[in-house]
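Colleague:
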Amino acid sequence: MAVPVKPAINQFPENIELVELHAHLGASVSPTMLWEIAHNQGLKLPTKNFWDFERTVTLYEAKPYEEYLLLHDLTEGIQSSPEALFAAAESAVSGAYRKNNITMLELRFNPILRARGGERDLDHLIVYALQGIERAMLKYPVRVGIILMLDRRFTHHENAAIVKKAIRYRERGVVGIDLAGPVKRTRASESFRPADIADIVSEARSHGLGVTIHTGEVTPAVEIWETIRALSPDRIGHGIRATDDPRLLEYLRDHHIVLETCPTSNLNTGVLKDLTQMRSVYRILKKFGVPFTINTDGPEMQRITLREEFAKLLNNRILSVRDLVRSNDIARQSSFLNGNNIPVKKYFL
Ligand SMILES: [Zn+2]
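Using UniProt numbering, the letters of the sequence shown map in sequence onto residues 1 to 349.
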């Protein structure tokens with residue numbers, strides 16, 4: 001009689017459906033698909049060699065943060081038409097289900113950065129992305145929400161335009177807004193302060209949209225404080241610099257503000273030096289009871305799937321199976337797909 005094989009103690013159960021909250025559409029489409037999409041539009045790429053291209057759109061090697069963001073410029077350029085966004089969104093959702101059994105997914109993108117300097121109509125871009133998602137949802141049982149992103153480099157007027165679109169498409173699959181972008185590249189991004197967008201973020205919230213903000217990745221704990229005071233986010237993208245400030249950690253815990261951590265991305269961009277530093281970050285988050293989730297930031301560009309991310313944390317004794325099951329539950333409960341009126345925050349106390 002065959003002896004039933006028990007899963008190894010440090011193996012994440014394969015039958016648990018995963019939830020990913022922090023994945024950029026520009027980083028969630030395979031190089032093969034990007035190559036096809038680019039050629040189908042007749043785009044001129046920086047190289048005619050596919051293998052060179054693959055290295056150009058993935059983190060083949062670690063890169064400094066601002067350099068890493070330049071990779072996004074290329075993938076965003078390729079995704080800059082309604083048809084391209086349709087194909088990209090469809091492929092990102094299908095891939096998440098097939099490769100990882102992700103059944104709840106939030107994908108984020110910035111429509112203005114795909115408008116070719118105002119040439120493309122934002123409504124066409126957003127609607128085609130939503131339709132690409134819908135088509136993937138016909139094939140696979142995944143619930144998907146779109147987060148529209150604002151940018152540190154943008155004028156208030158541009159960011160307000162994105163919020164307006166997020167509100168317009170709320171009933172059709174847009175579930176939240178985010179802020180991202182380089183911190184140092186332009187004068188506007190250098191002088192950006194969270195309070196600059198307080199009015200439009202509050203407008204988004206009043207229409208039932210979730211709010212997440214990239215902060216505390218390369219910016220210090222003090223900016224996380226500023227973000228919390230000015231924008232009251234439901235979740236924070238990365239936020240690992242909070243580990244420098246015990247008072248902030250207590251605040252995050254007490255107010256149930258969820259961190260969307262992206263461990264491999266942090267190694268790839270040098271935000272975390274090594275696994276020892278990563279271990280220390282999670283040890284502190286656990287010690288203070290800060291709710292956190294595990295994400296890839298974009299599996300294709302980061303060259304890691306969410307399940308591989310879990311395996312890496314387990315194999316390096318950074319988190320246990322129990323920690324990961326909990327972080328996956330937190331992701332499920334804090335997803336903007338639940339709607340903004342459900343008191344989900346109480347679930348994981
Ligand atoms: Zn991100």
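Ideal Cβ positions, reconstructed from N, Cα and C, are used throughout, including at glycine.
At what residue ranges does the segment 54-138 contain a whole run of the alpha helix (DSSP H), taking only runs of 4 or more?
Modeller: DSSP runs (the alpha helix (DSSP H)) wholly in the segment 54-138: 65-78, 82-100.
Colleague: Would you grab the beta carbon distance between Thr75 and Leu125 for me? Rounded to a whole angstrom, and I think it's under 8 angstroms.
Modeller: Against the sequence shown, residue 75 aligns to sequence position 75. Against the sequence shown, residue 125 aligns to sequence position 125. So it is not a contact: roughly 15 angstroms between Cβ atoms.
Colleague: Can Gly237 be considered in contact with ligand 1, in the sense that its beta carbon sits closer than 8 angstroms to one or more heavy atoms?
Modeller: Locating residue 237 in the sequence shown gives position 237, where the first residue counts as 1. Checking every heavy atom of ligand 1 against the Cβ of Gly237, one is found closer than 8 angstroms.
Colleague: Please state if the CB of Leu59 and the CB of Tyr68 are separated by a distance shorter than 9 angstroms.
Modeller: Walking along the sequence shown from the start, residue 68 turns up at place 68. Walking along the sequence shown from the start, residue 59 turns up at place 59. Closer than 9 angstroms, so yes.
Colleague: For the alpha helix (DSSP H) containing Leu259, list its first residue and its last residue.
Modeller: In the sequence shown, the residue the question calls residue 259 occupies position 259. Element bounds for Leu259: not the alpha helix (DSSP H) but the beta strand (DSSP E), 258-261.
Colleague: Taking 9 angstroms as the threshold (C-beta atoms), are Glu83 and Asn110 in contact?
Modeller: As a working mapping, residue 110 is identified with position 110 in the sequence shown. As a working mapping, residue 83 is identified with position 83 in the sequence shown. In this structure, Glu83 does not lie closer than 9 angstroms to Asn110 by Cβ.
Colleague: May I ask you to check if the CB of Asp151 is nearer than 8 angstroms to at least one heavy atom of ligand 1?
Modeller: Here the question's residue 151 lines up with position 151 in the sequence shown. Incorrect: Asp151 has no Cβ contact closer than 8 angstroms to ligand 1.
Colleague: If you drop the 5 nearest sequence neighbours on each side, which residues of the same chain put their C-beta closer than 6 angstroms to that of Asn100?
Modeller: Locating residue 100 in the sequence shown gives position 100, counting from the first residue. Result list for Asn100: Leu18, Thr305, Leu306, Arg307, in chain order.
Colleague: Confirm the yes/no value for this check: CB of Asp73, any heavy atom of ligand 1, distance under 8 angstroms.
Modeller: Translated into the one-based positions of the sequence shown, residue 73 becomes position 73. No; taking the cut-off as 8 angstroms, the Cβ of Asp73 has no heavy atom of ligand 1 nearer than that.
Colleague: Under 8 angstroms by Cβ, that's how I've got Ile37 and Ile112 pegged, so tell me the actual separation to the nearest angstrom.
Modeller: The residue labelled residue 37 in the question sits at position 37 within the sequence shown. The residue labelled residue 112 in the question sits at position 112 within the sequence shown. So it is not a contact: roughly 19 angstroms between Cβ atoms.
Colleague: Can you tell me the Cβ-Cβ gap for Leu130 and Gly173, rounded? I've got them flagged as a contact below 8 angstroms.
Modeller: Counted from its first residue, the sequence shown places residue 130 at position 130. Counted from its first residue, the sequence shown places residue 173 at position 173. Confirmed, Cβ separation roughly 5 angstroms.
Colleague: Which residue comes first and which comes last in the alpha helix (DSSP H) that contains Tyr226?
Modeller: Counting from one through the sequence shown, the residue named residue 226 turns up at place 226. Note that residue 226 corresponds to Glu in the displayed sequence, not to Tyr. Taken as a continuous stretch (DSSP letters only), the alpha helix (DSSP H) holding Glu226 covers 221-231.
Colleague: Can you give the Cα-Cα distance for Lys139 and Ser91, rounded to whole angstroms?
Modeller: Sequence index remark: in the sequence shown, residue 139 carries index 139 (1-based). Sequence index remark: in the sequence shown, residue 91 carries index 91 (1-based). If I take the Cα positions, the gap works out to 11 angstroms.
Colleague: Cutting at 6 angstroms between CB atoms, please list the residues of its own chain near Gln79, excluding the five before and the five after it.
Modeller: Locating residue 79 in the sequence shown gives position 79, where the first residue counts as 1. Taken in chain order, the residues that qualify are Leu85, Ala88, Arg114.
Colleague: Phe292 by DSSP, collapsed to three states: which one?
Modeller: Stepping through the sequence shown from its first residue, residue 292 is reached at position 292. In this structure, Phe292 counts as strand in the three-state DSSP scheme.
Colleague: Here's a check: name, in chain order, each residue in its chain whose Cβ is nearer than 7 angstroms to the Cβ of Arg233, leaving out the five neighbours to either side.
Modeller: Along the sequence shown, read from residue 1 onward, the residue named residue 233 stands at position 233. According to the sequence shown, residue 233 is Pro rather than Arg. Correct list, in chain order: Val211, Thr212, Ile213, Thr227, Ile257.
Colleague: Among residues of its own chain, excluding the 5 on either side of Phe53, which ones have a beta-carbon nearer than 7 angstroms to its beta-carbon?
Modeller: Counting from one through the sequence shown, the residue named residue 53 turns up at place 53. Around Phe53: Pro31, Trp35, Leu45, Thr47.
Colleague: I think Thr264 touches Thr296, with their Cβ atoms under 8 angstroms apart; what is that distance to the nearest whole Å?
Modeller: The residue given as residue 264 occupies position 264 in the sequence shown. The residue given as residue 296 occupies position 296 in the sequence shown. Contact flag correct, Cβ pair sits at about 7 angstroms.
Colleague: Please state whether the Cβ-Cβ distance between Thr269 and Leu285 is less than 9 angstroms.
Modeller: Here residue 269 refers to the residue found at position 269 when the sequence shown is read from its first residue. Here residue 285 refers to the residue found at position 285 when the sequence shown is read from its first residue. No. Outside cutoff.
Colleague: Could you say which of Ala230, Met149, Lys287, Ser335 lies nearest to Ile294 if we only look at CA atoms?
Modeller: In the sequence shown, counting from the first residue as 1, residue 294 sits at position 294. For the residues Ala230, Met149, Lys287, Ser335, the minimum Cα distance to Ile294 belongs to Ser335.
Colleague: Rank Val93, Asp254, Leu272 by C-alpha distance to the C-alpha of Val142 and give the top, closest one.
Modeller: What you label residue 142 is simply residue 142 of the sequence shown in a count that begins at 1. Per the Cα distances, Val93.
Colleague: For Ile236, which beta-bridge partners are listed by DSSP?
Modeller: Residue mapping note: residue 236 aligns to position 236 of the sequence shown, counting from 1. Answer is Ile213, Leu259, bridged to Ile236.
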